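Protein chains in written order, with UniProt numbering: chain X, 1 to 552; chain U, 1 to 703.
A short write-up of the structure that comes next.
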Amino acid sequence: MSDLTFKFDLKQIKAEIQKAIIECSQRGLLHSTKWLAEMNMALKDVEIDPVDSIGQHSPYNIGEDDVDLYVLAKTYFDLKELDRCAFYTEKCTSPRIKFLHLYSRYLSGERKKLHDMTDTTLPPDPTQNTSLRELSAELRIEYKAGKLDAYCLYLYGVVLKRLELVREAQNVLVESIEKEPLHWGAWLELAALVSDKGKAPLATLPNHWMKHFFLAHTYLEQQLNDAALEVYYLLQQNGFEKSSYITAQTAIASHNRREVDSAIATFRSLHKEDPYRLDNLDVYSNLLYVKELRVELSQLAHHVCEVDKYRVETCCVIGNYYSLRSEHQKAVLYFQRALKLNPQYLSAWTLMGHEFMEMKNTNAAIQSYRQAIEVNRRDYRAWYGLGQTYEILKMPFYCLHYYKQAQQLRPNDSRMLIALGETYEKLDKCQEALKCYFKARSVGDIEGIALLKMAKLYDKLQESENASAAYIEYVTDNESNQAGDKSEVSQAYKYLANYYIKRNQHDEAYKYAHKCLDFEETREEGKALLKTVAQTRSQADREIISNISMSC
Amino acid sequence: MGRFCRTLVERVNNPALAEVKMAGAGEMDYEMKNPSEHLNVDILRKLVRSYLDLHQYNAALFWADKVVSLTNDNPKDVYWLAQCMFHLRQYHRAVHLIQSKDLDKTHPLCHYLTVRSLLAAGGYSDALQLLTIVENDNSLSRTTRVISLDSPGDGTMDPDCPANLQSSILFIKGQVLEAMDNRELAADCYRQALRSDVYCYEAFDALVQHHMLSSWEEMELLDSIPYSEQCKTPAEAKFLRQLYEIKLNKYQGPYQLAPRPLEIGTITSPNPTDQPFKAKWALDISQSPCDPQKQPTPQLLFDNPDNLVVKLLPTNLDVLVAKAERLFYNCKFQSSLKLTEEVLKKDPHHSNCLCVHIGCLVELKKSNQLFYLAHGLVDLHPEMAISWFAVGCYYYIIGKSDPARRYLTKATVLDRLFGPAWLAFGHSFAAENEHDQAMSAYFKASQLMKGCHLPLLYIGLECGLTNSVMLADKFFLQAQSIAPNDPFVMHELGVIAFQNQEYDRAEKHFEEALKLVRSIDDSVAEKWEPLLNNLGHVSRKRCKFAEALDYHQQALVLRPLNPSTFSAMGYAHAMMGNTLEAVDCFHKALGLRRDDTFSTTMLNNVIEQLIDDTKPFQGAPEKLPVFKGKKTPTSRVHRIISYDDQNPDDSSMNIDEEGDSAAPIMGETANDSELINVTAGSSASFEVEMQDTSSQVLDKTSP
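Right, dumping it as structure tokens:
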């Protein structure tokens, strides 16, 4: 991963970016244009030849195209009169107008689907996709004829992806990127498609500087946070230090690494610098939620609401805010609003699932989680949530499957492993359960219960040796950091005391029985235990004495 | 009009010239007798014809009547008078007139007109009787021939050139026979008509439109038409043949037709042989569809650069309609619709095109457009069957079967031979699972359209749905005998074989069908998604799981997000033992269709199996790591577990295995045997679900 070469010719990069900005904006690819423009801004200090400068090009300077038609089509497109745009551009073959035609048809189909949506808890019915299918059939013919340029290929890839033809979509997007490496949208779509196993298409990608951004983004998606951070740091060191995009991405990486404080710090500085930037603020609000920073979250919620009420990020922040105030109904309402704005918005689906869980509405929770997974299979929270709901529904096999998925996505997260172990225990597969607990312990037990679970399981299996060893480990751990649940700790002491009594190791038994007295629940039992210890000890002493006297 | 008036004036100015041209002894006598009361009958005759041309039939009738009286029943004048009556729809009057003058058996034109009038008046048996009498009487047929030989270009006679009178009589005989439901003989007559006059399009159209011939017979007819004898130049012959050719053979693969070299007469066909042809076709496919010249239509016929019709009449509407119809039959509804829209823009009342257009709209479920079209048609042509057919189709696609049936019945009443209406009528029943009624409608259609395999195909389909598999097979075979190269029939045969558990045969049929579909067009139409899925099913049955998956994947490309395809893929994966993939597929299937019991049951089975198949997590150790705790409480060792804490990333834990051999190992052996049981058990239950017990499959999964 670190064999990437970081030799950037910033001048050239900036020239390329500026050219791409024109291309993208002429085609109405607004998000890519925005991303590129931000990058361009980050390279503000880099001087380039005036010939390449963006100021030299007027937006309508589109070469050999039919300018009149283009201007008309673009105007309709900008005004979202998509069908009209498609109608006027139907027969034109010049690349930009053709793209506008296809793109407006795609967008119009998607928009209609969105408008036809009746139930907010459900996304538009994926089987109602005639317009999409028509578009894909048409594009397929052109694709086979090799008549698609980079942008049309991108669109074809998007259409294929929407139709869940993942393999085809991947190939087409890679082709698109080969032809036009500066189109960030194509990279993004590809990143969502790269599965964990199949990294094959990555090898064929052109070795362009954009690839670094893509790789970092993909690493982040795949929870390879360290690798992602490495690339981002290198990018920052090589001229992109002013990019707010990279800063935000590093913050997300720290969020994934559970470094909550540093992530919050980064977001805070970013927010100060660019107060009206709403991108990624949902992650920020998640962080604030986890840290239960009520005031900050409240301030953020009011601020974003003021900036733009109808952005998915805004709805998400407000939803989190209500959730923290335990107003789950309202939270769901806001998440639903976010989804109405964009049914492909991942975090809202997952968070809504969490809210439904809080409201004990398992069915709706399952729906939401499933949708989240439909949108992005790599969302481990949704998998974990599904596991939890099925656990409530007492369907351990399903539950196990979902936990496994979550665990695969986060191999080093002990929570998934513990959940797995518990489910195995329910299925009476103690061996597997133990393996899970072992692993949980080895990856750093966040909640500190792996040992306890292990000890209890050993106890159940009547392997008292192992059980006691685990308990000892547990209590010693607890002595140092006092994190564990009081009753659990007391029970551990009780168990140990009993264990040593049985084994006639009075000193240990006495020690643990004494510890029992520290806890409310086990005080009485502790006293009884102490008594037993004293009795057996005196009995043993007597035996020893009698033995001695006998030998005398 | 202008030209006509001028000729009239000319004649008036040159009475002498007109007199010379006059024929018939009676008039001559009359003129000779009364030269002073000179009345030029010829002028009156011209008058009759001019009024006829101007469609003022009453005026024409008046003057024709006078001419007849003046000329003492000159047969030609009687003919003209009868014609006026015919135009005025006074058929019985015309018949009576001719018969009262005893001309119906002696004068060929009068004979023809009598039959026509009788046909129009509904007197079929009288017409047939008359025809047979005349046919047996050689004298008349001789006269016909004499006339046709003697006066090849006699313009004064009538607009119906006598050269094709014989074929017209044959054609009308065909019509009479058809009206009497004697289709076999009618088809014969049409064929004879076409042979005696190659330009007799109406006979050809009757044969084709009413589906009287099977595709094989159509081919035969096409070859047997004597183009070279009757056409003046070879180019004309070729042109004519190709004109007919594009109208024919719609259900066939294209390669059947065009590469066959023309075998007629002395024409040396410039057509290349099979091989280069196919190559050319293959090349054309890669062209853009935007370019109308190089459109990769599935039809070789239209790509043939030597095709005169396409070359000379690239924008002729009939040619375009034929092209659209072929596209329609090849399931290219979108492109077909584009063509028909274009045609209808130029000629909104093109009836042949309307039929294809309605078909496309139905296939694409464009109810709004169809609604508007039907309204327009009913307003303008309430007497045409197609208008009501359109209305019926509209109700059919919006799922209102009752009104659909009502209007379709109306269409069939207006035109008994309108096959599409009968088929749609059957469909409206089939859509509601009324198999018997659907079948009877299809039967009616099959009686009407002897040469069309579609009714038979649909009957077979209904039989299959009512579980009379043998009967279905019979009907499909019958359909195949009519249209041997229709992939739809092959597909259905395959389905029946599949239901009979004859998987070899099913596979063969499916593969044949696929081959045909591919030969029509490389990019398979969406309509063929079931074929690919069925191929997948059959491959699975024959334990070719990888192939099955491949077919299903192809099916998904044609029609994405189909839940049953995902189920089938999951099933195949489960059979292959790819439990994880199977779980994924069933999940997807259930996500798209929640109340799918098969997928639910399968998912339950598979997910349970998955738990046994897979390790608890990636890189989980085979054996249980040993918990090595120091039992002496005095020791202050914190790390008592025997793996390395430092390296959490290392998924393979460093387990101290050579230590305790007494470590409790439940053992993989026990696990294995359990797994086998589960597999066998679950696959048995799969079989119950799918209602097929193939021991092969069972053997495969339980080692």
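Beta carbons: idealized from backbone N, C-alpha and C, even for Gly.
In this text, all values refer to a predicted model and were calculated from it rather than measured experimentally.
Beta-carbon proximity of residue i to residue j, cut-off 8 Å
{"i": "leucine 320 of chain U", "j": "leucine 339 of chain U", "result": "yes"}
{"i": "tyrosine 91 of chain U", "j": "cysteine 110 of chain U", "result": "no"}
{"i": "phenylalanine 77 of chain X", "j": "leucine 43 of chain X", "result": "no"}
{"i": "serine 323 of chain X", "j": "glycine 185 of chain X", "result": "no"}
{"i": "leucine 535 of chain U", "j": "phenylalanine 510 of chain U", "result": "yes"}
{"i": "arginine 195 of chain U", "j": "lysine 450 of chain U", "result": "no"}
{"i": "serine 387 of chain U", "j": "valine 378 of chain U", "result": "yes"}
{"i": "leucine 344 of chain U", "j": "isoleucine 358 of chain U", "result": "no"}
Simplified DSSP assignment, three categories, for residue i
{"i": "leucine 43 of chain X", "result": "coil"}
{"i": "proline 108 of chain U", "result": "helix"}
{"i": "valine 533 of chain X", "result": "helix"}
{"i": "glutamine 222 of chain X", "result": "coil"}
{"i": "glutamine 491 of chain X", "result": "helix"}
{"i": "methionine 180 of chain U", "result": "coil"}
{"i": "valine 198 of chain U", "result": "coil"}
{"i": "proline 411 of chain X", "result": "coil"}
{"i": "serine 94 of chain X", "result": "coil"}
{"i": "cysteine 331 of chain U", "result": "coil"}
Counted within 10 angstroms of its Cβ, other Cβ atoms place residue i as buried (16 or more) or exposed
{"i": "isoleucine 141 of chain X", "result": "buried"}
{"i": "valine 413 of chain U", "result": "exposed"}
{"i": "proline 95 of chain X", "result": "buried"}
{"i": "leucine 393 of chain X", "result": "exposed"}
{"i": "serine 176 of chain X", "result": "buried"}
{"i": "lysine 238 of chain U", "result": "buried"}
{"i": "lysine 429 of chain X", "result": "buried"}
{"i": "lysine 365 of chain U", "result": "exposed"}
{"i": "valine 295 of chain X", "result": "exposed"}
{"i": "glutamine 535 of chain X", "result": "exposed"}
{"i": "tyrosine 57 of chain U", "result": "buried"}
{"i": "arginine 540 of chain U", "result": "buried"}
{"i": "leucine 54 of chain U", "result": "exposed"}
{"i": "serine 167 of chain U", "result": "buried"}
{"i": "lysine 309 of chain X", "result": "exposed"}
{"i": "histidine 349 of chain U", "result": "exposed"}
{"i": "asparagine 605 of chain U", "result": "buried"}
{"i": "proline 254 of chain U", "result": "Note that proline 254 of chain U scores 42 on pLDDT, short of 50, meaning its location in the model is unreliable; the coordinates nonetheless yield the value given after this. Under this definition proline 254 of chain U is a buried residue."}
{"i": "leucine 520 of chain U", "result": "As written in the sequence, residue 520 of chain U is isoleucine, which differs from the leucine given in the question. Counting Cβ neighbours within 10 Å, isoleucine 520 of chain U comes out buried, since at least 16 surround it."}
{"i": "histidine 491 of chain U", "result": "buried"}
Residue i CB to nearest heavy atom of the ligand COA below 7 Å
{"i": "methionine 439 of chain U", "result": "The ligand COA is not among the ligands present in this structure, which contains no ligands whatsoever."}
Cβ-based contacts, 7 Å cut-off: residues of the segment 575-607 of chain U near chain X: Val583, Gly591, Leu592 and Ile607
If we count Cβ pairs, one from each stretch, closer than 8 Å, do we get three or more for the segment 333-344 of chain X versus the segment 315-323 of chain X? Three or more Cβ pairs closer than 8 Å define a contact, and the segment 333-344 of chain X meets that threshold against the segment 315-323 of chain X.
Any C-beta of chain X within less than 9 Å: which residues of the UniProt repeat "TPR" (529-562) of chain U qualify? Gln553, Leu556, Val557, Leu558, Arg559, Pro560, Leu561 and Asn562
When you check each C-beta in the segment 418-444 of chain U against every C-beta of chain X, which residues fall closer than 8 Å? none
If we count Cβ pairs, one from each stretch, closer than 8 Å, do we get three or more for the segment 406-426 of chain U versus the segment 439-456 of chain U? yes
If contact means a Cβ-Cβ distance below 8 Å, which residues of the segment 382-410 of chain X contact chain U? Phe397, Tyr398, Leu400, His401, Lys404, Gln407 and Gln408
Using 8 Å as the Cβ pair cut-off and three pairs as the minimum, do the segment 109-124 of chain U and the segment 64-74 of chain U touch? no
Along the segment 395-411 of chain U, what residues have a CB closer than 8 Å to any CB found in chain X? none
For the structure I just gave you, are there three or more beta carbon pairs, one from the segment 141-160 of chain X and one from the segment 102-113 of chain X, closer than 8 Å? These segments touch.
Is there contact between the segment 215-225 of chain X and the segment 13-25 of chain X, where contact requires at least three CB pairs shorter than 8 Å? They do not touch, by the three-pair rule.
Taking only beta carbons into account, state which residues of the segment 154-171 of chain X come closer than 9 Å to chain U, listed in chain order. Leu160, Arg162, Leu163, Glu164, Leu165, Arg167 and Glu168
Does the segment 186-194 of chain X come close enough to the segment 127-137 of chain X to have 3 or more Cβ pairs within less than 8 Å? Pairwise C-beta distances place the segment 186-194 of chain X out of contact with the segment 127-137 of chain X, as fewer than three of them are shorter than 8 Å.
For the segment 403-418 of chain X against the segment 589-599 of chain U, are there 3 or more C-beta pairs whose distance is under 8 Å? no
Taking 8 Å as the threshold, find out whether the segment 373-392 of chain X comes into contact with the segment 552-572 of chain U through three or more Cβ pairs. no
For the 8 Å Cβ check, are there 3 or more pairs between the segment 572-590 of chain U and the segment 545-555 of chain U? yes
Could you run through the UniProt repeat "TPR" (312-345) of chain X and flag, in chain order, every residue whose CB is less than 7 Å away from some CB of chain U? none
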